Amino acid sequence: MMHILHKYQYFILYILFSVLMVFSAQQEWINAYIQLVIMYIGINIILSSSLNIVNGYMGEFSCGHAGFIAVGAYVTSVLNVWLFASDRVFGPAILGEYWALTLFPVTLLAGGLIASLVGLLVAIPSFNTRGDYLAIITLAVNYIVKSAIENIQIIGGARGFMGMRKVVNAMQDVWDIPWMMVFILFFTGFTVWIIWRFVSSTYGKGIIAVREDEVAAEIMGVNTRRMKMTAFMLSSGLAGIAGGLFAHVLGYINPGSFTIMKSTEVMVMVYLGGMGSLSGSVISAVLFTVLLELLRPLQVIKWVVIPLMLILLMMFRPEGIMGNRELRDFFPKHDKK
Amino acid sequence: MTKNNESLMSFLQINNLTQRFGGLTAVQDFTFDLQQGVLPGLIGPNGAGKTTIFNIVCGFYHPTIGKITFENQSIVGKRPNKITRLGIARTFQNIRLWSEMSVLDNLCISQHANLGYGLWDAILRTSRYQTKERDVHQTAMNLLEKMNLQDHAQNRPKNLPYGIQRRVEIARALATQPRLLLLDEPAAGMNSKEVEHLIELIAWIRKEFDITIWLIEHDMRVVMNVCERIIVLDFGQIIADGPPESIQNDPKVIKAYLGNIEE
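Residue numbers (my numbering), protein chains in the order written: chain A, 1 to 337; chain B, 1 to 263.
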């Protein structure tokens, strides 16, 4: 019994934490604003830790993360509005409220899947292109996605797309609990869990070998192409899931939300936390989101203060909060063999 | 006699290998038959094309012309990780360890080609993952012990002395479970004591792991002590091939290294 408790301690703690969060939101112990901030934190954790796969662990410089977020956001939103809400363009709801609730995670995963396929646009060029040149490709992909969406009129083009609120309401009609909070907590845990298992396996450490010395990795038997493909697809797929969640929290998305500005925001979180540190990404996502909210009164000046902090960070602590260490590295290990 | 044995004995066979980079011919018409168990040395002045040949054998370059077979299988055009899986491993002239990872991780990751599990096993931590991961770890630890590196398992290579880094790199190559090991100037940058250790180490590795070694080296002590056959390369072409004693006195070799003395 103790053994099981010990083995799954983080898992159990996270479940308890999630239940507590959902319950306090349900009981309105925490107000709607705080709930929103908590949901943003969850989404940002998914974003920063997924970008960390590429920028941190694999050592490439992807600056087009927003493109993948956009793909996930639009795919999930369109699917949900088409299936579960009556909409001017897509007509009446095809499936009932119960389906909205059960299929919502599926549509999120579908958004992630499509986003990971768009990730191939970066993954395939990455076989032979690296460094600055690959960074330019990621930037281009970001613009391709944004401009493509702007030009598809059926999903609103530059005006944006809405109706996701109805989907969330449909879910809440079935059972009135804060569903978005539930799904965000679930997918945040899911993301961290998947990434941790990936990068702590010998298989996943192949991407760190690519970062450290790609030539050596290739010659020592690491299938660098497969590793790059896996890293990019996993990273963009998780970003897509975050995008779907983001769209449903906001209830409205437009291509303007997914520019290089958004990509930069995620990059700031990765570099603030430390490249190649999963706990760093989580910590920095929390700090950064809270900081953004605290600086909200500054309005536009916020975007003077935050980049300024980035400059200071790069000058005085370029390795970020955690460097490439994990939280557990700071505690002595008990379970040796 | 030799004809009969050829199909049986063929280990690494290189035929008419030519590599051009733009207008430069780095290797020209290189033909070489490496027999299992023989330790040849590849020597020659800087820029003679030695490392290029290793790079081609590893699949890092695809030759302009030529055939290479390893244990009767053509390896030209295969990707490096496939060739590693077939049983060829190498070290580098300038050590290329993954310096931010522990020595143990270095030895684990180099078993990637024979890992035997994939992404889903890693994420779901299947029983296959558990078994294979334990094997990988065990293989790495055993190797470290054999190479007397167990104390450095958790260290990062960048913090280790040069001679030890060389040993770690050889251990990492051995972790791929090769049958042919290519050593590219293993003595480069070593002091004379370390060179002595290296000579012993190479002899010991051949016996212990029962593998064939092919060596590029400048240090004549290493070449004369461990090589059973020497190929001398100059401007991408073989200028001499034979046992060490005959190479030592070959006028063409002396000329390649020292220039034309008579002029």
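Ideal Cβ positions, reconstructed from N, Cα and C, are used throughout, including at glycine.
Since this is a predicted model, take the numbers as computed values, not measurements.
CA nearest to the CA of residue i, picked from the options
i: I38/A; options: S236/A, M21/A and W175/A; result: M21/A
i: A89/B; options: K158/B, D184/B and F30/B; result: D184/B
i: L250/A; options: L36/A, W29/A, H3/A and M315/A; result: L36/A
i: V293/B; options: A113/B, N155/B, V76/B and Y257/B; result: The question about residue 293/B has no answer, for chain B in this structure spans 1 to 263.
i: A265/B; options: K82/B, Q150/B and D234/B; result: Any answer about residue 265/B is impossible in this case: the structure gives chain B only from 1 up to 263.
i: G74/B; options: R229/B, S10/B and I254/B; result: Before going further, note that residue 74/B is Ser rather than Gly in the sequence given. For the residues R229/B, S10/B and I254/B, the minimum Cα distance to S74/B belongs to S10/B.
i: P186/B; options: R206/B, I95/B, D234/B and P80/B; result: I95/B
i: W120/B; options: I177/A, I195/A, R130/A and A158/A; result: I195/A
i: W193/A; options: I123/B, P80/B and D135/B; result: I123/B
i: L180/B; options: P251/B, F54/B and L24/B; result: F54/B
i: N169/A; options: I306/A, L272/A, A70/A and W99/A; result: W99/A
i: V118/A; options: M315/A, I301/A, M229/A and I53/A; result: M229/A
i: L364/A; options: G111/A, G157/A, I43/A and I53/A; result: The question about residue 364/A has no answer, for chain A in this structure spans 1 to 337.
i: N44/A; options: V300/A, K262/A, M275/A and L5/A; result: K262/A
C-beta atoms of residue i and residue j nearer than 9 Å
i: L143/B; j: L174/B; result: yes
i: W179/A; j: F104/A; result: yes
i: A247/A; j: F68/A; result: no
i: S62/A; j: F258/A; result: no
i: S236/A; j: A115/A; result: yes
i: S281/A; j: L327/A; result: no
i: Q36/B; j: T212/B; result: yes
i: F70/B; j: L12/B; result: yes
i: T224/A; j: G206/A; result: yes
i: S147/A; j: P255/A; result: yes
i: G64/A; j: I260/A; result: yes
i: I321/A; j: L287/A; result: yes
i: V253/B; j: D219/B; result: no
i: G49/B; j: I230/B; result: no
i: C108/B; j: V76/B; result: no
i: I155/A; j: V71/A; result: no
i: I144/A; j: Y74/A; result: no
i: P244/B; j: M224/B; result: yes
Coarse secondary structure for residue i, derived from DSSP in three states
i: W214/B; result: strand
i: Y257/B; result: helix
i: N16/B; result: strand
i: S74/B; result: strand
i: K336/A; result: In this predicted model, K336/A has a pLDDT of only 40, less than 50, meaning its place in the structure is not dependable; the value taken from the coordinates is given anyway. Coil at K336/A, not helix or strand.
i: F331/A; result: coil
i: S10/B; result: strand
i: Y14/A; result: helix
i: M269/A; result: helix
i: Y162/B; result: helix
i: D213/A; result: coil
i: F21/B; result: strand
i: M172/A; result: Reading off the sequence, residue 172/A comes out as Gln, not Met. Reduced to three states, the DSSP call for Q172/A is helix.
i: F316/A; result: helix
i: Q153/A; result: helix
i: M220/A; result: coil
i: T176/B; result: coil
i: M162/A; result: strand
i: P92/A; result: coil
i: Y8/A; result: coil
i: M322/A; result: coil
i: G206/A; result: helix
i: L292/A; result: helix
i: G59/A; result: coil
Nearest-angstrom beta carbon gap, residue j and residue i [assumed within contact, 8 Å]
i: M58/A; j: V210/A; result: 6 Å
i: V232/B; j: I247/B; result: 6 Å
i: S126/A; j: S284/A; result: About 25 Å; that fails the 8 Å criterion.
i: T188/A; j: I46/A; result: 6 Å
i: E212/A; j: S99/B; result: 6 Å
Extent of the continuous beta strand (DSSP E) run through residue i
i: V27/B; result: L24 to Q35
i: D219/B; result: No beta strand (DSSP E) contains D219/B, which DSSP labels as neither H nor E.
i: V232/B; result: R229 to D234
i: R90/B; result: I88 to R90
i: A240/B; result: Q237 to G242
i: L42/B; result: P40 to I43
First through last residue of the alpha helix (DSSP H) which encompasses residue i
i: G42/A; result: A32 to N52
i: A187/B; result: Run containing A187/B: none; DSSP gives neither H nor E here.
i: G243/A; result: T224 to L250
i: A122/B; result: L119 to L124
i: L149/B; result: It is not in any alpha helix (DSSP H) - L149/B carries neither H nor E in the DSSP assignment.
i: V75/A; result: H65 to F84
i: W196/A; result: W179 to S200
i: A110/A; result: E97 to A123
i: C58/B; result: From DSSP, C58/B is part of no alpha helix (DSSP H); its letter is neither H nor E.
i: N106/B; result: V103 to I109
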